[in-house]
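1 is the number of the first residue of the sequence shown in UniProt numbering; add one for each residue after it.
Glycine is no exception: its CB is placed at the ideal position from the N, C-alpha and C atoms.
Small disclaimer: the values here were computed from a predicted structure and weren't measured.
Below you'll find the structure, written out as structure tokens, and then a few comments.
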Amino acid sequence: MAKLRQLAMELQASMADAVGKYIAVCDHIRKAQLMPVTVTAELKQLGFADSRISEIKRVSMVSDVVWEQYKSRTIGFKVALDIARQEAIEEAEEAKKEAESKQADMFAGQPAESAPKAKETAKESKPEDEPAIWKKWDKGSDEKSQGKTGTKPDKPILEKTKTMVAVKPRVHTPREILTEFLGSYLPCAGKLGDGWKPTTIFDCNGWTVEVRITRKKETKKPAKKTITKKGKR
């Protein structure tokens, strides 16, 4: 502890040959195998910033290969710090994978009742009532399967076939669509008459909107003329 304090004070006192002093501090931490909590407490008493303390601890915990490169000054402090951060991330991922594998092994030796209830959760999330748009019974398929006419089965055909048939929505005529549109978007609009006649509609803002609805005229196609050549019928 006293040696760590002395080396740290030398590092603070003069920035000349800061690389060598950083190496000396980290080397002592590695050799003495000091705990991170102890290193933090000692360096904080000497006034080191939290970021600097974190960097020193990270570099002092790098692998032996990286440490030898840093100690021989092959790589700088910043490079060693980046490598230390990457190694810390990899170690955390490996620890997480090991914990997950141990948990899986624990559940593998136990009965299915003690395993995580993933299937039950999935069943609970599934809605009980199906949308009304799906048909649950098909009369024709029931006649074929049971040989009866007009008799509804006890259970819907949907459970047997596991298929869903969509019910096609009713198609509205253009006149119905236009009437509903005008009635919804024009507050003072009057409904269209029974006949297909032009209707004048007054908007609330004083604008006059004239809507003309006309039937499509049926055009008769001209009869095809047969061209006959002379001498032939």
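Proximity winner among the options, relative to residue i (alpha-carbon distances)
i          : options           : result
residue 54 : 37, 97, 63 and 6  : 37
residue 61 : 48, 32 and 47     : 32
residue 58 : 79, 98, 72 and 95 : 79
residue 56 : 97, 68, 43 and 65 : 43
residue 72 : 49, 105, 20 and 4 : 20
residue 84 : 99, 96 and 66     : 66
DSSP-derived helix/strand/coil call for residue i
i           : result
residue 47  : coil
residue 40  : helix
residue 76  : coil
residue 35  : coil
residue 3   : helix
residue 106 : helix
residue 9   : helix
Residue i - containing alpha helix (DSSP H), residue span
i          : result
residue 69 : 64 to 71
Neighbour flag for residue i against chain B, beta carbons, 8 angstroms
i          : result
residue 39 : You won't find chain B in this structure, because it holds only one protein chain.
Beta-carbon separation (whole angstroms), residue i vs residue j, contact threshold 8 angstroms
i          : j          : result
residue 23 : residue 70 : 7 angstroms
residue 34 : residue 81 : With 8 angstroms as the limit, residue 34 and residue 81 do not qualify as a contact, their Cβ atoms being about 19 angstroms apart.
residue 63 : residue 87 : 6 angstroms
The ligand ZN heavy atom lying under 7 angstroms from the CB of residue i
i          : result
residue 93 : Absence of the ligand ZN from the depicted structure is noted, as is the absence of any ligand whatsoever, leaving it without description.
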